[in-house]
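Colleague: Before I ask anything, here is the structure I am working with.
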Amino acid sequence: MGKHAAQAFTGIIHFTQCKYSHFTLIKFTKDTQNNSLNLDNLLVLKTTRNNPVTNEATKYTPFKIQCSKYLASVMVLLFMNKKISWSEFLNPEMSQKRICILFIITANIIVYRIFTNIRYCSDISKLSCLFVSNIVSSLANTIAIVAFGAVYNILAVKLTDWENHQTETNYNNALIIKLFSFHFINSYTTPFYIAFFRNIKFENGVFGLGGEYQDTCDKECMQMLTIQIFFLMIGKAFPKFFTDVVLPVLKRIKQRGFFNKVVRVALDKSIYMEREYIKPQLTDFTLSEYNEKIILYGFVMIFAASIPIGPLIALIVIYADIKVDASRLLWIYRRPVADISQNIGIWQGILELLNVIGVISNAFLIAYTSKDYLNSTERKMIFVVIFEHALFTIKFLAAYAIPDVPKQIAIAIRRVI
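Each residue of the sequence shown is one higher than the one before, counting from 4 in my numbering.
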């Protein structure tokens with residue numbers, strides 16, 4: 004079940020990339036793609052060794068240097084996204100010792116929400132309290148997540164370039180792992196906290212502020228989680244609209260200011276080609292597009308129990324995204340040459356991982372937010388185990404019964420490739 008949902012999302016990803024590619028295609032060949040060398044990185048290599056296949060001297064990175072670079076990248080990854088238990092994070096003694104970059108923003112938002120609930124909500128209406136406390140904090144957290152996401156994108160590219168991978172496939176896989184790891188922690192930390200850890204109480208309060216300063220939600224945790232996920236699903240799409248539509252339009256207006264001074268002549272093919280030529284060139288955007296769709300898919304799968312309209316929101320966001328991509332491919336940028344790929348590569352494994360996390364997360368969400376029927380820890384854990392095993396069984400049976408690619412299509416693909 005989850006597998007075929009992932010396949011449907013994969014189809015949407017391919018659709019956003021290739022629907023408007025009615026121009027020349029670069030034919031996919033398995034051997035050349037998997038073994039293509041990263042020539043830019045090979046230029047900086049000085050060590051050579053004999054290639055057992057071609058029997059020629061080939062540049063390479065020594066094993067010790069490569070391992071040291073991988074280790075440094077992992078340390079940066081852990082430092083930026085260091086995961087600690089929320090009970091330790093909210094404990095004042097541990098927070099002073101183990102605080103990390105990502106949690107600083109989350110801590111500020113938690114403190115804002117607590118102070119708002121204590122100092123202001125008692126004097127205003129419940130609706131106003133909901134807006135000031137939950138909605139404003141969710142919006143602020145969304146802005147922080149989007150800002151951190153831009154930093155993580157730059158950091159992931161810098162680290163991957165520094166690792167100096169020999170082939171394009173290895174480079175892309177390493178970059179994808181970093182991008183997804185950064186954005187996974189960045190996007191899902193706050194929803195996980197609200198869903199599972201917000202009701203933790205401390206004797207001296209959160210961060211030692213006092214016993215009355217507790218970040219609890221009573222029976223409104225699901226409401227807060229729904230608001231936060233809604234803002235994240237909608238808010239993360241706005242920067243893309245600005246960078247993909249507004250900025251290119253401004254650049255075109257600036258460029259047209261020069262050409263408007265030229266004497267106009269009758270439109271013909273040469274004038275059309277000239278206008279197409281002055282358009283900005285579109286760089287490779289598939290990695291960022293894939294990552295955005297994967298994170299959006301994660302919101303739908305992991306927190307489906309808290310926001311039932313999540314699939315509808317995702318559909319609307321993706322439909323708008325398709326229109327934006329179509330506009331920039333056809334009118335704003337030069338038309339790129341489409342590149343046919345065999346599959347989505349390592350993204351398929353990430354989709355499967357999100358399916359597994361989604362099953363487990365929704366089982367715990369249903370069990371631990373149900374106050375009427377599952378009123379003991381034993382019953383909740385029994386429900387989680389039964390629910391999880393039942394869904395995994397259905398998933399694997401459906402995956403076994405329904406082939407990934409129909410036989411007729413597989414034969415047709417072999418004929419083409």
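Built from N, CA and C at the ideal position, the CB exists for glycine as well. Only a predicted model underlies this, so the values are computations on that prediction, with no experimental measurement involved.
Let's test the definition: count the other Cβ atoms within 10 Å of the Cβ of W350 and tell me whether it reaches 16, buried, or not, exposed.
Modeller: Translated into positions along the sequence shown, residue 350 becomes position 347. The residue is buried, with at least 16 neighbouring Cβ atoms inside 10 Å.
Colleague: Rounded to whole angstroms, what's the CA-CA distance from T193 to T145? Just pull it up for me.
Modeller: Here residue 193 refers to the residue found at position 190 of the sequence shown. Here residue 145 refers to the residue found at position 142 of the sequence shown. Each residue's Cα considered, the two are about 10 Å apart.
Colleague: Just to confirm the assignment, what range does the alpha helix (DSSP H) spanning Y155 have?
Modeller: Stepping through the sequence shown from its first residue, residue 155 is reached at position 152. V139 to E166 is the extent of the alpha helix (DSSP H) around Y155.
Colleague: Find the nearest neighbour of D164 within the set A75, M384 and Y322, judged by alpha-carbon distance.
Modeller: As a first step, residue 164 is located in the sequence shown; it is residue number 161 there, counting from the start. The shortest C-alpha to C-alpha distance from D164 to any of A75, M384 and Y322 is the one to A75.
Colleague: Expressed to the nearest angstrom, what Euclidean distance is found between the alpha-carbon atoms of M97 and I312?
Modeller: On the sequence shown, position 94 is the one that residue 97 refers to. On the sequence shown, position 309 is the one that residue 312 refers to. Caution is warranted here: a pLDDT of 42 is assigned to M97, below 50, making its placement in the model unreliable, and no coordinate value can be reported.
Colleague: For V115, collect the residues of the same chain with a Cβ closer than 7 Å to its Cβ; drop the 5 residues on either side in sequence, then sort them by chain order.
Modeller: Taking the first residue of the sequence shown as position 1, residue 115 is located at position 112. With the sequence shown as reference, residue 115 is identified as Tyr, and Val is not the correct amino acid for it. Taken in chain order, the residues that qualify are S140.
Colleague: Compare the beta carbon distance of A143 and I112 with 8 Å and say whether it is the shorter of the two.
Modeller: One-based indexing of the sequence shown puts residue 143 at position 140. One-based indexing of the sequence shown puts residue 112 at position 109. Yes, Cβ-Cβ distance for A143 and I112 is below 8 Å.
Colleague: Are at least three pairs of beta-carbons, each pair with one atom in the segment 322 to 338 and one in the segment 277 to 291, less than 8 Å apart?
Modeller: The segment 322 to 338 and the segment 277 to 291 touch, with no fewer than 3 CB-CB distances between them shorter than 8 Å.
Colleague: Does DSSP classify A393 as helix, strand or coil?
Modeller: Stepping through the sequence shown from its first residue, residue 393 is reached at position 390. Of the three classes helix, strand and coil, the one that applies to A393 here is helix, per DSSP.
Colleague: I'd like to confirm the pairing. Which residues does DSSP put opposite T109 in its beta bridges?
Modeller: Residue numbering aside, residue 109 sits at position 106 when the sequence shown is read from its first letter. Bridge partners of T109: none, in fact.
Colleague: I'd like to know whether the C-beta of C132 is nearer than 8 Å to at least one C-beta of chain B.
Modeller: Of the protein chains in this structure there is only one, and it is not chain B.
Colleague: Residue range of the alpha helix (DSSP H) that V320 falls in?
Modeller: Your numbering for residue 320 matches position 317 in the sequence shown. Counting along the chain, the alpha helix (DSSP H) containing V320 begins and ends at G313 to S330.
Colleague: Taking A413 as part of the alpha helix (DSSP H), name the residues at either end of that continuous run.
Modeller: For the purposes of this step, residue 413 is identified with residue 410 of the sequence shown, where counting begins at 1. Start and end: K410 to V419.
Colleague: Evaluate E215 with the Cβ neighbour count: other Cβ atoms within 10 Å of its Cβ, from every protein chain shown; 16 or more gives buried, anything less gives exposed.
Modeller: Position 212 of the sequence shown, counted from the start, is the residue given in the question as residue 215. With fewer than 16 Cβ atoms within 10 Å of its Cβ, E215 is classed as exposed.
Colleague: So, at 8 Å on beta carbons, what are the nonlocal neighbours of N120 in its own chain, with the 5 sequence-adjacent residues on each side left out?
Modeller: One-based indexing of the sequence shown puts residue 120 at position 117. Closer than 8 Å at Cβ, skipping near neighbours: C132 and S136.
Colleague: Using beta-carbon positions only, say whether F302 and I363 come within less than 8 Å of one another.
Modeller: Looking up residue 302 in the sequence shown gives position 299. Looking up residue 363 in the sequence shown gives position 360. Cβ atoms of F302 and I363: not closer than 8 Å.
Colleague: Is A75 helix, strand or coil by DSSP?
Modeller: For the purposes of this step, residue 75 is taken as residue 72 along the sequence shown, with counting starting at 1. In this structure, A75 counts as helix in the three-state DSSP scheme.
Colleague: Are the beta-carbon atoms of H186 and N294 separated by less than 8 Å?
Modeller: Working through the sequence shown from its first residue, we reach residue 186 at position 183. Working through the sequence shown from its first residue, we reach residue 294 at position 291. Closer than 8 Å, so yes.
Colleague: How long is the line joining the alpha carbons of N189 and L182, rounded to whole angstroms?
Modeller: Along the sequence shown, one-based indexing puts residue 189 at 186. Along the sequence shown, one-based indexing puts residue 182 at 179. Going from the Cα of N189 to the Cα of L182 covers about 10 Å.
Colleague: Can you say whether H392 is buried or exposed, counting buried as having 16 or more other CB atoms within 10 angstroms of its CB?
Modeller: Locating residue 392 in the sequence shown gives position 389, where the first residue counts as 1. Exposed: under 16 other Cβ atoms inside 10 Å.
Colleague: Given a cut-off of 8 Å, decide if I297 and I237 are closer than it, judged by their beta-carbon atoms.
Modeller: As a position in the sequence shown, residue 237 is number 234, starting the count at 1. As a position in the sequence shown, residue 297 is number 294, starting the count at 1. Contact: no.
Colleague: Under a Cβ-count criterion, where at least 16 other Cβ atoms within 10 Å of its own Cβ denotes burial, should E279 be classed as buried or exposed?
Modeller: Taking the sequence shown and counting its residues from 1, one reaches residue 279 at position 276. Label assigned to E279: exposed.
Colleague: Should V320 go down as buried or exposed, given a rule of 16 or more other Cβ atoms within 10 Å for buried?
Modeller: Taking the first residue of the sequence shown as position 1, residue 320 is located at position 317. With 16 or more Cβ atoms within 10 Å of its Cβ, V320 is classed as buried.
Colleague: Using a Cβ-Cβ cutoff of less than 6 Å, which residues in the same chain neighbour L235 once the five nearest sequence positions on both sides are dropped?
Modeller: Here residue 235 refers to the residue found at position 232 of the sequence shown. T145, listed in sequence order.
Colleague: Exposed or buried, which one is N38 when buried takes at least 16 other CB atoms within 10 Å?
Modeller: Residue numbering aside, residue 38 sits at position 35 when the sequence shown is read from its first letter. Below a pLDDT of 50, predicted positions are generally treated as unreliable, and N38, at 49, falls in that range; the measurement from the model is reported next regardless. Counting Cβ neighbours within 10 Å, N38 comes out exposed, since fewer than 16 surround it.
Colleague: Once you ignore the five residues that flank K410 on each side, which residues in its own chain have a CB closer than 8 Å to its CB?
Modeller: As a working note, residue 410 is residue 407 in the sequence shown. The answer is none, since no qualifying residue turns up.
Colleague: Cutting at 7 Å between CB atoms, please list the residues of its own chain near V149, excluding the five before and the five after it.
Modeller: Here the question's residue 149 lines up with position 146 in the sequence shown. If we look at V149 and ignore the five residues flanking it on each side, its Cβ neighbours are G238, K239 and P242.
Colleague: Among residues of its own chain, excluding the 5 on either side of K72, which ones have a beta-carbon nearer than 6 Å to its beta-carbon?
Modeller: Along the sequence shown, read from residue 1 onward, the residue named residue 72 stands at position 69. Same-chain partners within the cutoff: E166.
Colleague: Work out the CA separation of V248 and R382 for me, nearest whole Å.
Modeller: Taking the sequence shown and counting its residues from 1, the one referred to as residue 382 is at position 379. Taking the sequence shown and counting its residues from 1, the one referred to as residue 248 is at position 245. Roughly 52 Å separates the two Cα atoms.
Colleague: Where does R331 land, buried or exposed, given buried means 16+ other C-beta within 10 angstroms?
Modeller: Here residue 331 corresponds to residue number 328 of the sequence shown, with the count starting at 1. Looking at its Cβ environment, which holds 16 or more other Cβ atoms inside 10 Å, R331 is buried.
Colleague: At which residues does the alpha helix (DSSP H) containing Y371 begin and terminate?
Modeller: By one-based count along the sequence shown, residue 371 stands at place 368. Element bounds for Y371: I349 to T372.
Colleague: What residue from F151, N202, T172 and T170 has the CA that sits closest to S184's CA?
Modeller: Along the sequence shown, read from residue 1 onward, the residue named residue 184 stands at position 181. Taking only the C-alpha atoms, the option nearest S184 is F151.
Colleague: Please name the residue, chosen from F399, L400, G361 and Y403, that lies closest to V387 on a Cα-to-Cα basis.
Modeller: The residue you call residue 387 lines up with position 384 of the sequence shown. Scanning F399, L400, G361 and Y403 for the CA closest to the CA of V387 turns up G361.
Colleague: I'd like the span of the alpha helix (DSSP H) that includes S184, first residue to last.
Modeller: The residue labelled residue 184 in the question sits at position 181 within the sequence shown. Bounds of the alpha helix (DSSP H) holding S184 are E171 to F195.
Colleague: Report back the beta-carbon spacing between A308 and N365 to the nearest angstrom; my notes put them in contact at under 8 Å.
Modeller: Counting from 1 along the sequence shown, the entry for residue 308 is found at position 305. Counting from 1 along the sequence shown, the entry for residue 365 is found at position 362. That pair is a contact at about 5 Å.
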